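One structure is given here, and the rest of the page talks about it.
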Amino acid sequence: MPQRLTRADVERIATLARLELTDAEKDLFVRQLTDVLAYAEQIQAIDTAGVPPTSHVLSSQAADRADTPVPSLPNAEALANAPDPSPHTGLFRVPRVIG
Amino acid sequence: MSARPFKTAREIRDAVSTRQISAVEVCQASLDRITATDGSLSAFLNVAAERALDRARKIDADKDHGPLAGVPLAIKDNISTRGLTTTAASRMLKHYVPPYDATVITRLDAAGAVIIGKTNCDEFAMGSSTENSAFGPSRNPWNTERIPGGSSGGSAVAVAAGMTSIGLGSDTGGSIRQPASLCGIVGLKPTYGRVSRYGLIAFASSLDCIGPLTRTAYDAALALSVLAGPDPRDATSSSEPVPDYAGGLSGDVRGLRLGVPRSMLEQGVDPSVRDCFYAALEILRARGATIVDIVLPHARYAISTYYFVATAEASSNLARYDGVRYGYRAPGEHDLKSMYEKTRDQGFGAEVKRRIMLGTYVLSAGYYDAYYLKAQQVRTLVRRDYEQAFQSVDAVAMPTSPTPAFKIGERMEDPLQLYLVDVFTVSANLAGLPAVSVPCGLTSERLPIGLQMTGRPFDEATLLRIADAYERDTNWWQECPAI
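Protein chains in written order, with my numbering: chain A, 1 to 99; chain B, 1001 to 1483.
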């Protein structure tokens, strides 16, 4: 595990996170994320052999609800907040994907 | 009854129900108070005056009154309100108008409460000071050069400054309790699953809880009885029975055992906080509670654990902001991938990006086991510490925040230092436990300090009983800022 994040690490993470960072942001995050990781590294010292992970704290099984159809959001309302809706077709528009 | 500020929800509900005052008068008084004070405090992002007055007129016309009849309410802006802009204090959602209400909003409406407006917070509830809002910080009514805490800072300010009687907040790592503590009011984080999360803009889904900020434990009990209960729209909501929380406030804490993890207070805690905390325990001891030393061996790892778990979940939850279905889209001609990347860079603020980056990293190939899985295992150990403690005590007492409110801007350059202020609050979220913060003193500069109690799962009743008993023997809860 790296002691220090590099600029290349930050660029790789930004690509995975779909964030186009500025040069200034990359420099800042190299430093700040390295600091946070250096602190949080302390959990590596804990012996967790055989300890099951906790992904949620629910004590009981989530209850099933009746499978009854109810009205869902009308198309026009679902489109109302879209940056580039196509109300005529009832779809969201995105930039061209295939040239 | 006059419509002066700093009324409790109980007083207002009783006066409106018996027609001593109209809901419209209460609502107008709340709006007037906001006009008079919010220019210097910035609690609200959006005041829905006409909508609130309409609602108040309907309540006055009703024959039967609900348990929160006419009570003015401030809603954190990460809770969806149909037809009312809900921004999560982010540029990404600056113009977002939800097409549906969160379940808590539906429940509060049915109880007769009047929503006055939407309050400022850290962007997507990520922060402990409300400085991460895309729309500027809120200010602490006790000292406007200081932060109100966060992330539910706006709701805390609204209640502390007498603008509304109840504020609704969300708590992922302390975001209800810490601002309540720093603003001198009561903040309750319920058990995970006690209150439906439907309509709460997700930050870290296994930790997020909605809860009330109020002037008194009684008001918190009143609010929780309305908010709690199962919801078919949230599969993690619990069908555990909802007791009459207010009815259980007997003032009797005789025989209750309070555990104090004394070693956690040895370092990094402001002396004024430590003094007020131990003085508060003496009050409860005098009322008949027993104070016991306990250890929570893994509590000191809670912040590290939290920042791995919470950021991992956040990086996944915030993937939905892609400039397609709602929210901001970067202007200009782009291909799809570049549109995503520019939209997210321009729409999110620095702290949100930092957390998305950290979360993406800990979930990425090669690091998952070392960081995320490891953190989930330590989360189990944190839970077990509490389970062990609750074998011998009924509640765990700690300060809420290690320091009183700090100055605006003081910690912006060093995110790690800001993360460390959550030291006493995050473990309740990791373990899914209920916790309450109640005012327990003022520093020599008149900055509020809070006492925190953490309880067994679904045992909010005991926490509220202790908080209410403490209020009966003290008058910290009656202190008001001079604004």
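Cβ atoms here follow ideal geometry from the backbone N, Cα and C, with glycine treated the same way. Owing to the predicted nature of the structure, the values given are computational and were not obtained by experimental measurement.
In the DSSP assignment, the residues bridged to K1407 (chain B) are B:R1146. Every beta strand (DSSP E) of 3 residues or more that sits fully in the segment 1159-1218 of chain B is shown, in chain order, as 1166-1171, 1186-1189 and 1209-1214.
Listed by position along chain A, the residues whose Cβ is nearer than 7 angstroms to that of T1380 (chain B) are V51, P52, P53 and T54. According to DSSP, residue pairing for M1398 (chain B) in a beta bridge involves B:Q1452. CA-CA distance, S1129 (chain B) to D1322 (chain B), rounds to 27 angstroms. When the five nearest sequence neighbours on each side are left out, the beta carbons in the same chain lying within less than 8 angstroms of the beta carbon of V1292 (chain B) are those of R1257, L1258, G1259, V1260, S1392 and V1393, in order along the chain. E11 (chain A) does not reach chain B, its nearest Cβ partner there being about 11 angstroms away, counting only Cβ pairs nearer than 9 angstroms. Within chain A, no C-beta atom comes less than 7 angstroms from the C-beta of E1410 (chain B); the nearest is roughly 17 angstroms away.
Runs of the alpha helix (DSSP H) spanning 4 or more residues and lying entirely within the segment 1031-1084 of chain B occur at 1049-1061, in chain order. For L1442 (chain B), the uninterrupted beta strand (DSSP E) segment begins and ends at A1435 to L1442.
C-alpha of Y1218 (chain B) to C-alpha of P1230 (chain B): approximately 22 angstroms in a straight line. Counting along the chain, V1260 (chain B) sits inside no alpha helix (DSSP H); it lies in the beta strand (DSSP E) bounded by residues R1257 to V1260. Put simply, the CB of K1118 (chain B) is far from chain A, with every gap to its CB atoms at 8 angstroms or more.
In this structure, V1438 (chain B) places its C-beta atom within 8 angstroms of the C-beta atom of Y1470 (chain B).
At a Cβ-Cβ threshold of 8 angstroms, G1432 (chain B) and Y1192 (chain B) count as neighbours. For V1253 (chain B), there is no enclosing alpha helix (DSSP H), as DSSP marks it with neither H nor E. For the C-beta of R1383 (chain B), the chain A residues within less than 9 angstroms are, from N- to C-terminus, T54 and V57. Residues of the segment 1122-1153 of chain B that bring their beta carbon within less than 9 angstroms of a beta carbon in chain A are absent altogether. In the three-state reduction of the DSSP assignment, L5 (chain A) falls in the coil class, being assigned neither a helical nor a strand state. Going by DSSP, V1114 (chain B) is part of the beta strand (DSSP E) stretching over V1114 to T1119. Of all residues in the segment 1456-1469 of chain B, only P1457 place a beta-carbon less than 7 angstroms from a beta-carbon of chain A. Residue contact with chain A for D1335 (chain B): present (Cβ-Cβ distance below 8 angstroms to some residue of chain A). Residue environment: S1133 (chain B) is assigned as buried (16 or more neighbouring CB atoms within 10 Å of its CB, all protein chains considered). In chain order, T1085, G1117 and K1118 place their CB closer than 6 angstroms to the CB of N1046 (chain B), counting only its own chain and leaving out the 5 sequence neighbours on each side.
Looking at the DSSP output, V1226 (chain B) sits in no beta bridge, so it has no partner there. Along the segment 1300-1346 of chain B, the alpha helix (DSSP H) occurs as fully enclosed runs of 4 or more residues at 1302-1317, listed in sequence order. Listed along chain B, no residue sits closer than 7 angstroms to D27 (chain A) by beta-carbon distance, the nearest being about 13 angstroms off.
Residue pairing by DSSP places D1293 (chain B) opposite B:V1260 in a beta bridge. Within chain A, the residues placing a beta-carbon under 7 angstroms from that of A1375 (chain B) are I43, ordered along the chain. Taking all protein chains shown into account, G1039 (chain B) has fewer than 16 neighbouring C-beta atoms within 10 Å of its C-beta and is therefore exposed.
Annotated as distal: G1288 (chain B) and V1242 (chain B), with beta-carbon spacing of 8 angstroms or more.
Looking at the DSSP output, F92 (chain A) shares a beta bridge with A:P85. When C-beta atoms of the segment 1133-1153 of chain B are compared with those of the segment 1054-1065 of chain B, fewer than three pairs fall below 8 angstroms, so the two segments do not count as touching.
Counted as a single uninterrupted DSSP element, the stretch harbouring F1424 (chain B) is not any alpha helix (DSSP H), since DSSP gives it neither H nor E. For F1458 (chain B), there is no enclosing alpha helix (DSSP H), as DSSP gives it neither H nor E. Residue state for N1132 (chain B) is assigned as coil, using DSSP reduced to three classes.
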